[in-house]
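Peer 1: In numbering that gives the first Met the number 0, the protein residues as written are 0 to 360.
What follows is a structure written as C-alpha cells; I'll ask about it next.
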Amino acid sequence: MAQYDLIFLRNNATSGIEFAEQIVPKPTAQGMFLTQDPINGALSWSKTLIDGVLSGTVSGSAIVSNLDTPPAAGKLPDALAVYNKIVNHLAASDAMVFKGGLNCASNPNYPAGNAGDSYRITAAGRVGGASGPVVEVGDVLICSQDNSAAGDHATVGTNWVIVQTNIDGVVTGPSSSVDNRVALFNGTSGKVIKQATVAISEIALKSSLIADINAAGSGTIAKERLYAFTKADIGLGNVPNVDTTDAANITSGVLNAARIPSLTASKISDFNTAVLNAPYTYGSATNINQTLAALAANVADHDTTLSSVALRRTPTKPASATAAGTLFDVHIDSTEGYLYICTVGGAAGTARWKRAALASW
Numbered sequence: 000m001a002q003y004d005l006i007f008l009r010n011n012a013t014s015g016i017e018f019a020e021q022i023v024p025k026p027t028a029q030g031m032f033l034t035q036d037p038i039n040g041a042l043s044w045s046k047t048l049i050d051g052v053l054s055g056t057v058s059g060s061a062i063v064s065n066l067d068t069p070p071a072a073g074k075l076p077d078a079l080a081v082y083n084k085i086v087n088h089l090a091a092s093d094a095m096v097f098k099g100g101l102n103c104a105s106n107p108n109y110p111a112g113n114a115g116d117s118y119r120i121t122a123a124g125r126v127g128g129a130s131g132p133v134v135e136v137g138d139v140l141i142c143s144q145d146n147s148a149a150g151d152h153a154t155v156g157t158n159w160v161i162v163q164t165n166i167d168g169v170v171t172g173p174s175s176s177v178d179n180r181v182a183l184f185n186g187t188s189g190k191v192i193k194q195a196t197v198a199i200s201e202i203a204l205k206s207s208l209i210a211d212i213n214a215a216g217s218g219t220i221a222k223e224r225l226y227a228f229t230k231a232d233i234g235l236g237n238v239p240n241v242d243t244t245d246a247a248n249i250t251s252g253v254l255n256a257a258r259i260p261s262l263t264a265s266k267i268s269d270f271n272t273a274v275l276n277a278p279y280t281y282g283s284a285t286n287i288n289q290t291l292a293a294l295a296a297n298v299a300d301h302d303t304t305l306s307s308v309a310l311r312r313t314p315t316k317p318a319s320a321t322a323a324g325t326l327f328d329v330h331i332d333s334t335e336g337y338l339y340i341c342t343v344g345g346a347a348g349t350a351r352w353k354r355a356a357l358a359s360w
C-alpha cells in the first residue's frame, strides 16, 4: 500500500453489523474532497459539488479579502470583498445603471438615486412635480449626485440631467434674444431661427378682427369674415388714391418734369380743338381762334391808320430830293446837321423830300 492511502472500516452488512476494510488511494491533485456514493457506499475523491452548495465556512489562507491586487491561483474571494469591489468600481467611473421606466403622466417627483442611475420615460408629463420640466416618451433621466433624495424639481432638480431623445425637426437659435421679439428663419434649412427687429407689441391687430376670430369658435374662418383694413388703419388716411404717374391726376403741387407728356402734332391738334376752338363769346367771335383773328385784323387796321398820319423815322437819308419815300418819313443826319422830311410819297422820281438845317440849342 502506497503511503498516504486512507484505510476505512465500512459496514457492508445488509442488516446488523459487519465491518470490512476499504482502502482509498491518495488524491491525484490538491483541492479534492472525499465523497461517498449513497447507493453502494463507495468512497472516492471528487472536485464536483452535486448540489452546487458547500455548507460551512471556508477560512484561513484559502480566502482572499483584498482584491486591489491580483490574488494567487486556487484562492477563494470573500463575497463581501467582491461586492465592495464592484460597487466602488461603479462609483468611481459613475457608470450609468438602468433602473427602469418612469411614468410621468401624474407629474411624479424625482426618485432617490446615486450618480449614474438612469430612468427611461414611459408616459409623457412633467417630472419633479407640476412645476417641473416637460418630458416625453423615450426621454432619459440620469442622476448626477450620489445619495440624491427623492423630491420635486425645486429641491433636487439640479441632481438630474434630462436627455431629450425626440428631436425630429428640432430648431436652434441664437444664444440669447430680446423678450417678445418676432422669430425669423435663418436660411432655408427650416432648423435655424434668428431674431427680428420688430416686437410683438408693434404688430397691432384690429379689435374687430379678433372679435370675428373669437366668435368663430372652431372650424375655418371664411375670407369675407376677415376685417378689411383701410388707409386710415395704417396711418395713410390723408394720402389720395391716385396714380401719380398720370399727369391728369395731378390737381395741385409741382409736377416733375419727367412726368410731363411729350408734345406731338396730334396733341397740338387736340389742344387746338379743345382750347382754341372751344365755345367762347367776344364781340362777334364764337371761339378763341376767331377772337385772335379779329384782334390781328384790328391791329393791321390800326397800323394802316397810324401810317397815314404819323411820322416814321427811316434808317438812311434820302439820296436825292426825289428819292422813293412815304409821306411823313423823316431822317436826322447828325453829321451834316439836316432834318429830312418826305412831303410827297411815291416812287423814285415822283416823291418829294425837303430838308432844313438844325440850329444849335
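Ideal placement from N, C-alpha and C gives every residue a C-beta, glycine not left out.
Remember, it's a predicted structure, so these values are computed and weren't measured experimentally.
Hey, how far is the Cα of P314 from the Cα of H330?
Peer 2: Within the sequence shown, numbered from 1, the residue matching residue 314 stands at position 315. Within the sequence shown, numbered from 1, the residue matching residue 330 stands at position 331. P314 and H330: Cα-Cα distance of roughly 7 Å.
Peer 1: Drop a sphere of 10 angstroms on the beta-carbon of V238, count the other beta-carbons inside from all chains shown, and report buried for 16 or more, exposed for fewer.
Peer 2: Translated into positions along the sequence shown, residue 238 becomes position 239. Under this definition V238 is an exposed residue.
Peer 1: Between the beta-carbon of Y337 and the beta-carbon of A356, is there less than 8 Å?
Peer 2: Counting from 1 along the sequence shown, the entry for residue 337 is found at position 338. Counting from 1 along the sequence shown, the entry for residue 356 is found at position 357. The answer is yes: Cβ separation under 8 Å.
Peer 1: The ligand NAP and Q289: does any heavy atom of the ligand fall closer than 7 Å to the residue's C-beta?
Peer 2: The model on display carries no ligand, and the ligand NAP is accordingly not part of it.
Peer 1: Compare the Cα-Cα distances from N83 to each of N65, G73, K98 and report the closest residue.
Peer 2: Position 84 of the sequence shown holds residue 83. Nearest C-alpha to N83: N65.
Peer 1: Using the C-alpha atoms, what's the distance from S60 back to L33?
Peer 2: Within the sequence shown, residue 33 is the residue found at index 34, counting from 1. Within the sequence shown, residue 60 is the residue found at index 61, counting from 1. Straight-line Cα distance between these residues: approximately 21 Å.
Peer 1: Can you tell me whether K193 is helix, strand or coil according to DSSP?
Peer 2: Locating residue 193 in the sequence shown gives position 194, where the first residue counts as 1. Here K193 sits in strand by DSSP.
Peer 1: Leaving out five residues before and five after E17 in sequence, what residues of the same chain have Cβ atoms less than 6 Å from its Cβ?
Peer 2: The sequence position of residue 17 within the sequence shown is 18, counting from 1. The answer, listed in chain order, is N11.
Peer 1: Let me know if Y3 comes out buried or exposed under the rule of 16 or more other beta-carbons within 10 Å of its beta-carbon.
Peer 2: Position 4 of the sequence shown, counted from the start, is the residue given in the question as residue 3. With fewer than 16 Cβ atoms within 10 Å of its Cβ, Y3 is classed as exposed.
Peer 1: In whole angstroms, what separates the C-alpha of T263 from that of A292?
Peer 2: Within the sequence shown, numbered from 1, the residue matching residue 263 stands at position 264. Within the sequence shown, numbered from 1, the residue matching residue 292 stands at position 293. Spanning the two alpha carbons is a distance of roughly 24 Å.
Peer 1: Which residues in the same chain have their Cβ closer than 6 Å to the Cβ of A111, if we skip the five residues on either side of it in sequence?
Peer 2: Taking the first residue of the sequence shown as position 1, residue 111 is located at position 112. The answer, listed in chain order, is A148, A149.
Peer 1: Just checking my contact of S117 with V96 at CB under 8 Å: how many whole Å lie between their CB atoms?
Peer 2: For the purposes of this step, residue 117 is taken as the residue at position 118 of the sequence shown. For the purposes of this step, residue 96 is taken as the residue at position 97 of the sequence shown. Contact flag correct, Cβ pair sits at about 7 Å.
Peer 1: On the CB-based measure, 16 or more other CB atoms within 10 Å of its CB, does V134 come out buried or exposed?
Peer 2: Within the sequence shown, residue 134 is the residue found at index 135, counting from 1. Label assigned to V134: buried.
Peer 1: Tell me where the alpha helix (DSSP H) around T154 begins and ends.
Peer 2: In the sequence shown, counting from the first residue as 1, residue 154 sits at position 155. Looking at the DSSP string, the run of the alpha helix (DSSP H) that includes T154 is 152-155.
Peer 1: Excluding sequence positions up to five away, which residues of its chain have a Cβ less than 7 Å from the Cβ of L183?
Peer 2: Stepping through the sequence shown from its first residue, residue 183 is reached at position 184. Cβ neighbours of L183 beyond the five flanking positions: I192, K193, A195.
Peer 1: Assuming A122 and V139 make a contact with CB atoms under 8 Å, what is their CB distance in whole Å?
Peer 2: Position 123 of the sequence shown, counted from the start, is the residue given in the question as residue 122. Position 140 of the sequence shown, counted from the start, is the residue given in the question as residue 139. About 14 Å; that fails the 8 Å criterion.
Peer 1: Once DSSP output is grouped into helix, strand and coil, what is the label at Q144?
Peer 2: Taking the sequence shown and counting its residues from 1, one reaches residue 144 at position 145. It is coil, neither helix nor strand.
Peer 1: Going by the CB atoms, is the gap between L8 and E20 shorter than 8 Å?
Peer 2: As a working note, residue 20 is residue 21 in the sequence shown. As a working note, residue 8 is residue 9 in the sequence shown. Yes; because the gap between Cβ atoms is below 8 Å, this pair is in contact.
Peer 1: Could you tell me which of T321, V86, V169, L101 sits nearest to D145, measuring between CA atoms?
Peer 2: Here residue 145 refers to the residue found at position 146 of the sequence shown. Comparing Cα positions, the closest option is V86.
Peer 1: Can you have a look at W360 and say buried or exposed, based on whether 16 or more other CB atoms are within 10 angstroms of its CB?
Peer 2: By 1-based counting over the sequence shown, the position of residue 360 is 361. It is exposed - the Cβ of W360 has fewer than 16 other Cβ atoms within 10 Å.
Peer 1: Note down, in chain order, each residue of its chain lying with its Cβ closer than 6 Å to the Cβ of F327, except the 5 sequence neighbours on either side.
Peer 2: As a working note, residue 327 is residue 328 in the sequence shown. The residues are L310.
Peer 1: Could you name the residues of the same chain whose beta carbon sits closer than 8 Å to that of L89, not counting the 5 residues immediately before and after it, in chain order?
Peer 2: Residue 89 sits at position 90 when you count from the first residue of the sequence shown. V96, G115.
Peer 1: Just list the residues that DSSP pairs A198 with in beta bridges.
Peer 2: For the purposes of this step, residue 198 is identified with residue 199 of the sequence shown, where counting begins at 1. DSSP, once it has assigned bridges, lists R180 as partnering A198.
Peer 1: Counting only the same chain and skipping the five closest in sequence on each side, list residues whose C-beta sits under 7 Å from that of C142.
Peer 2: Here residue 142 refers to the residue found at position 143 when the sequence shown is read from its first residue. Correct list, in chain order: G112, N113, A114, G115, D116, N158, W159.
Peer 1: Counting C-beta neighbours from all protein chains within 10 Å, is the total for P24 16 or more, i.e. buried, or is it exposed?
Peer 2: As a first step, residue 24 is located in the sequence shown; it is residue number 25 there, counting from the start. Residue environment for P24: exposed (fewer than 16 other C-beta atoms within 10 angstroms of its C-beta).
Peer 1: Is it buried or exposed for I22, if we count other Cβ within 10 angstroms and need 16 for buried?
Peer 2: Taking the first residue of the sequence shown as position 1, residue 22 is located at position 23. With fewer than 16 other Cβ atoms within 10 Å, it is exposed.
Peer 1: Does the Cβ-Cβ distance between R351 and A320 come in under 8 Å?
Peer 2: Here residue 351 refers to the residue found at position 352 when the sequence shown is read from its first residue. Here residue 320 refers to the residue found at position 321 when the sequence shown is read from its first residue. In contact: R351 and A320 (Cβ atoms closer than 8 Å).
Peer 1: Which value, in whole angstroms, describes the spacing of the CA atoms of Y76 and S43?
Peer 2: Within the sequence shown, numbered from 1, the residue matching residue 76 stands at position 77. Within the sequence shown, numbered from 1, the residue matching residue 43 stands at position 44. It is Pro, not Tyr, that sits at residue 76 in the sequence shown. Distance between the alpha carbons of P76 and S43: 27 Å.
Peer 1: Can you name, in chain order, every residue of its own chain whose Cβ lies under 7 Å from the Cβ of R180, other than the five neighbours on each side?
Peer 2: Sequence index remark: in the sequence shown, residue 180 carries index 181 (1-based). Q194, A195, A198, listed in sequence order.
Peer 1: Measure the alpha-carbon distance for T334 versus R354 and round it to whole angstroms.
Peer 2: Indexing the sequence shown from 1 puts residue 334 at position 335. Indexing the sequence shown from 1 puts residue 354 at position 355. In a straight line, the C-alpha of T334 is about 14 Å away from that of R354.
Peer 1: Is A347 closer than 8 Å to A323 when the C-beta atoms are compared?
Peer 2: Stepping through the sequence shown from its first residue, residue 323 is reached at position 324. Stepping through the sequence shown from its first residue, residue 347 is reached at position 348. Yes, these two residues count as a Cβ contact at 8 Å.
Peer 1: Just to confirm, are A28 and Q35 a CB contact at a threshold of 8 Å?
Peer 2: Locating residue 28 in the sequence shown gives position 29, where the first residue counts as 1. Locating residue 35 in the sequence shown gives position 36, where the first residue counts as 1. Cβ distance not < 8 Å, so A28 and Q35 don't count as in contact.
Peer 1: May I ask you to report which of helix, strand or coil DSSP gives V343?
Peer 2: Residue 343 sits at position 344 when you count from the first residue of the sequence shown. Of the three classes helix, strand and coil, the one that applies to V343 here is strand, per DSSP.
Peer 1: Inspect the beta-carbon positions of G124 and A94 and report whether they are closer than 8 Å.
Peer 2: As a first step, residue 124 must be located in the sequence shown, where it is residue number 125. As a first step, residue 94 must be located in the sequence shown, where it is residue number 95. Contact: no.
Peer 1: Do you know offhand how far G234's Cα is from D242's?
Peer 2: In the sequence shown, residue 234 corresponds to position 235, counting from 1. In the sequence shown, residue 242 corresponds to position 243, counting from 1. Taking the straight line from one Cα to the other gives about 19 Å.
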